[in-house]
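Structure record follows, encoded as structure tokens.
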Amino acid sequence: NAICPGNYFDGPLWMDPERGLFVQYLKSGKVPGATSVDDVKRHYESKVPMKRGCFPSDVAKAVLYAVEQSYETGQAIPVTGGQVMLN
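Numbering follows this note's numbering, with no gaps: position 62 of the sequence shown is 70.
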């Protein structure tokens with residue numbers, strides 16, 4: 009089984025002050041009207057049905073769920089705040 013966290017906005021992929029996705033998206037104008045990294049972050053949080061990014065505690069709960077299963081195998085467990093439902 010695999011835990012598949014998405015929208016981990018507080019991690020280095022998104023938050024790195026020099027190369028993070030929030031900085032890149034602000035510089036490239038990917039989010040119209042955004043004037044700060046916080047504006048870009050709020051934009052992406054608003055796209056998640058739970059209206060927030062994934063926290064380490066969300067991933068930990070998914071791990072605990074997965075290890076307790078005795079008849080579940082070969083599964084990818086999304087921890088995305090429901091965003092995959094929108095695709």
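All C-beta atoms, glycine included, are put in the ideal place defined by N, C-alpha and C.
Around Tyr-16, the same chain offers Cys-62 as residues with beta carbons nearer than 6 Å, after the five sequence neighbours per side are excluded. Beta-bridge annotation (DSSP): Pro-13 is paired with Val-87.
With a beta-carbon spacing of about 7 Å, Pro-57 and Gln-91 fall inside the 8 Å limit used to define contacts. Within the stretch 13-62, the alpha helix (DSSP H) runs of at least 4 residues that lie entirely inside it are, in chain order, 20-23, 29-36, 45-54. The three-state secondary structure of Glu-76, taken from DSSP, is helix. In its chain, beyond the 5 residues on either side, Trp-22 have a beta carbon closer than 6 Å to the beta carbon of Gly-28. The C-alpha of Ala-10 is placed about 11 Å away from the C-alpha of Glu-80. Taking Gln-77 as the centre and dropping the five residues before and after it, the same chain places the C-beta of Asn-9 closer than 8 Å to its C-beta, in chain order.
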